[in-house]
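Going down the list, the protein sequences come from chains F and H. Residue 207 in the numbering used here sits at position 98 of the first sequence; the count goes up by one each step and never skips. Residue 284 in the numbering used here sits at position 206 of the second sequence; the count goes up by one each step and never skips. Glycine is no exception: its CB is placed at the ideal position from the N, C-alpha and C atoms. Scroll down for the structure; my scribbles are underneath it.
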Amino acid sequence: MKIAIPADEQKMEGNVCISFGRTPYYLIFDTEAGTGTFMVNEAAQSQGGAGIKAAQAVVDSGAQVLLTPRCGENAAKVLNGANVRIHRSIEGSLTENIEAFKAGQLPLLEEIHPGYHGH
Amino acid sequence: MKIAVLSGKGGTGKTLVSVNLAAAIAPSVYLDCDVEEPNGHLFFRPKSIQREAVTVKIPAVDETKCNACRTCVEFCKFHALAMVGTRWMLFDDICHSCGGCTLLCPQQALHEVEKSIGEIQTGTSEGVTVRTGWLDPGQSSGVPIIRKLFAAESPLDQPMIVDCPPGSACIVMDSIRDADYCILVAEPTLFGLHNLKMVHELVRLFQKPHGVILNKCIEGDNPSKDYCLEQGITILESIPFDKTIGRLNSNGRILARELPQYHEMFTRLHQKIREVAGYETAADSER
């Protein structure tokens, strides 16, 4: 199974990014192989619709699970449409979050915020 | 002549100035572009109102033709489209109605449909044609409503007063695009000054002739006034912080229709604007 996590830096001991749509990188971690790859989030620079574009990239990566501290409405629609499960991440490194997820300690993310859109 | 009234934030006195100006110089046209919270109609109480729906075009998909090639998704720079597996998704709040996706679809699977976003109401009030834009709650952009407000036919010889939305975003730019003159309304506080600077920057960018009305003036410091003097911005008028104004205004009354000194003030304001905007000679020679 593949897990996606927004990441501040391209290293496993780095932190989970507080933003889903505007994170600089995503870690795509394959639990069977025990390896991960980092993907640059091209949506981070977009003026609007970053959440949708980022969600599209996560869906396209083949991830079935997303670990994130928060998620906007539009991104959640795309992720839900692709049956990507969204779990709430905890403070700490990417590795710690993967371990916590495997141990069943990360609940589903309940609050989906309406987004921070502005014109 | 089109005069736009703007300020950096709500509650500064845009509606007070534009309603009174339009009433004092009637026959005139009053355009309420503050489409999220239009309130000029509360003062004018216009009669014989006509309504017009405002729609925008959004794409719709014919799933039997779509082969999930993603040409549309990759094209949309607003990211209003997504493709989940073979499922096409539209986020219509983000769509800017450019029509590009429909044109580019190699399968011709997309077509445009109308989406209602609000309406325009037109009525009259003692010689003032009152046109109000209403954006439906939940819709993201009132710009199409503003374009339609301006597109309607108005008596050419009558001055038009444009009550702009607060701030300095896209919707305000659309409201002042056609203006011959901009009135900036400012409060005598540091926050008022901050908001004044925002709209001042905007009118300079659009190279519009402009002047300031200092509203709610009290004894003591007025940072907005200091800024005008320092920048050499014309101060058109200073309106005092006055309980009478407050009371009449909160009862939905129009000062210029009730108190001669305010009728005079707003008539004088119009005269001054025509002079500084160089309108005087052209308009007078027509008479």
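Quiz prompt | C-alpha gap between V250(H) and R165(H), whole angstroms | solution = C-alpha separation (whole angstroms): 37 Å.
Quiz item: Given H189(H), which residues of its chain have a CB within under 8 Å of its CB, disregarding the five upstream and five downstream residues?
Solution: Taken in chain order, the residues that qualify are P137, A138, D140 and T180.
Practice problem: Give me the Cα-Cα distance between A209(F) and S170(F), rounded to the nearest whole angstrom. | Solution: Per the coordinates, the alpha-carbon of A209(F) lies some 22 Å from the alpha-carbon of S170(F).
Practice problem: Could you spell out the range, first to last residue, of the alpha helix (DSSP H) harbouring P301(H)? | Solution: It spans P301 to Q309 - the alpha helix (DSSP H) in which P301(H) sits, taken as one unbroken run.
Quiz item: Which partner residues of I136(H) appear in the DSSP bridge assignment?
Solution: In the DSSP output, where bridge partners are listed per residue, I136(H) has V191(H).
Quiz item: DSSP beta-bridge partners for I161(F)?
Solution: Within the DSSP secondary-structure output, I161(F) pairs in no beta bridge.
Quiz item: Would DSSP call A101(H) helix, strand or coil?
Solution: Reduced to three states, the DSSP call for A101(H) is helix.
Quiz item: How many angstroms separate the CA atom of Q165(F) from the CA atom of S128(F)?
Solution: Computed Cα separation, rounded: 16 Å.
Practice problem: Please compile the residues from chain F whose C-beta is within a distance smaller than 9 Å of the C-beta of M79(H). | Solution: Ordered by position in chain F, no residue passes the 9 Å Cβ test against M79(H), which lies about 29 Å from the chain.
Quiz item: Looking only at DSSP bridge pairs, what is L136(F) linked to?
Solution: Its beta-bridge partners are I114(F) and F147(F).
Quiz prompt | Euclidean distance between Cα positions of R365(H) and P105(H) | solution = Confidence at R365(H) is low in this model, with a pLDDT of 44, below 50, so the placement of that residue should be treated as unreliable; the coordinate-derived value is given next. Straight-line Cα distance between these residues: approximately 16 Å.
Quiz item: Excluding sequence positions up to five away, which residues of its chain have a Cβ less than 8 Å from the Cβ of E114(H)?
Solution: So the qualifying residues of the chain are L213, G220 and P243.
Quiz prompt | Residue range of the unbroken beta strand (DSSP E) whose run includes G86(H) | solution = Following the DSSP letters along the chain, one finds G86(H) in no beta strand (DSSP E), marked with neither H nor E.
Practice problem: State the Cα-Cα distance for the pair K226(H) and F122(H), rounded to the nearest angstrom. | Solution: For the pair K226(H) and F122(H), the Cα-to-Cα distance works out to about 21 Å.
Practice problem: Taking only the alpha-carbon atoms, compute the straight-line gap between S363(H) and S203(H) and give it to the nearest angstrom. | Solution: For S363(H), the predicted model reports a pLDDT of 49, less than 50, meaning its position is unreliable; a value from the coordinates is still stated below. Near 29 Å, if we compare the C-alpha coordinates of S203(H) and S363(H).
Quiz item: Tell me, which residues are paired with K80(H) by DSSP?
Solution: Bridge partners of K80(H): M238(H).
Self-check item: Exposed unless 16 or more other CB atoms sit within 10 angstroms - verdict on R352(H)
Solution: By the neighbour-count rule (16 or more Cβ atoms within 10 Å), R352(H) is buried.
Quiz item: Which residue or residues does DSSP assign as beta-bridge partners of P318(H)?
Solution: Note: P318(H) sits in a beta bridge opposite C295(H).
Quiz prompt | Among I161(F), Q173(F) and A212(F), the one whose alpha carbon lies nearest that of P223(F) | solution = P223(F) has its Cα closest to that of I161(F), out of I161(F), Q173(F) and A212(F).
Quiz item: Cβ of S170(F) less than 8 Å from any chain H Cβ?
Solution: The beta carbon of S170(F) does not come within 8 Å of any beta carbon belonging to chain H, so the residue lies off that interface.
Quiz item: Is I47(H) near V83(H), with beta carbons less than 8 Å apart?
Solution: Outside the displayed range of chain H (79 to 365) lies residue 47(H), so it cannot be described from this structure.
Quiz item: Quick one: Cα of A361(H) to Cα of P233(H), how far?
Solution: Reliability of the predicted coordinates at A361(H) is poor, the pLDDT of 49 falling under 50, and no value is obtained from them.
Exercise. Step through the CB atoms of chain H and report whether any lies within less than 8 Å of the CB of K162(F).
Key: Closer than 8 Å to some Cβ of chain H, the Cβ of K162(F) qualifies, so yes.
Quiz item: Any idea if L147(H) is buried or exposed, counting beta-carbon neighbours within 10 angstroms, 16 or more meaning buried?
Solution: It is Cys, not Leu, that sits at residue 147(H) in the sequence shown. Answer is exposed; the Cβ neighbour count stays below 16.
Quiz item: According to the Cβ coordinates, are K92(H) and D304(H) closer than 8 Å?
Solution: In this structure, D304(H) does not lie closer than 8 Å to K92(H) by Cβ.
Quiz item: Buried or exposed: where does H228(F) fall if 16 or more other Cβ atoms within 10 Å of its Cβ makes it buried?
Solution: With a pLDDT of 46 at H228(F), under the threshold of 50, the predicted position of this residue should be treated as unreliable, though the coordinate-derived value follows. With fewer than 16 neighbouring CB atoms inside 10 Å of its own CB, H228(F) falls in the exposed class.
Quiz item: Quick one: is N183(F) near chain H, going by C-beta distance under 8 Å?
Solution: Contact with chain H is found for N183(F), since one of that chain's Cβ atoms lies less than 8 Å from the residue's Cβ.
Quiz item: Which residues mark the beginning and the end of the alpha helix (DSSP H) in which D252(H) is found?
Solution: It spans C248 to I254 - the alpha helix (DSSP H) in which D252(H) sits, taken as one unbroken run.
Quiz item: Taking Cβ positions only, does K186(F) come closer than 8 Å to chain H?
Solution: Yes, because at least one Cβ of chain H sits closer than 8 Å to the Cβ of K186(F).
Quiz item: From the beta carbon of A153(F), is the nearest beta carbon of chain H less than 8 Å away?
Solution: It does not: the Cβ of A153(F) has no partner Cβ on chain H nearer than 8 Å.
Quiz item: Which term fits N150(F), buried or exposed, when burial requires 16 or more other beta carbons within 10 angstroms of its beta carbon?
Solution: Around the beta carbon of N150(F), 16 or more other beta carbons sit within 10 angstroms, so the residue counts as buried.
Quiz item: For I223(H), which residues in chain F fall below 8 Å Cβ to Cβ?
Solution: Within 8 Å Cβ-Cβ: nothing; I223(H) doesn't reach chain F, min ~13 Å.
Practice problem: Identify which residue in G178(H), M79(H) and I311(H) has its Cα closest to the Cα of V277(H). | Solution: It is I311(H).
Quiz item: For E382(H), which residues does DSSP report across the bridge?
Solution: Residue 382(H) lies beyond the stretch modelled for chain H, which goes from 79 to 365, so this question has no answer here.
Quiz item: Would the region 197 to 207 of chain F and the region 174 to 181 of chain F be scored as touching if the rule is three or more Cβ pairs under 8 Å?
Solution: At 8 Å Cβ cutoff, the stretches touch.
Quiz item: Checking contacts by CB at 8 Å: is I172(H) closer than that to chain F?
Solution: Taking Cβ atoms only, chain F reaches closer than 8 Å to I172(H), which makes this a yes.
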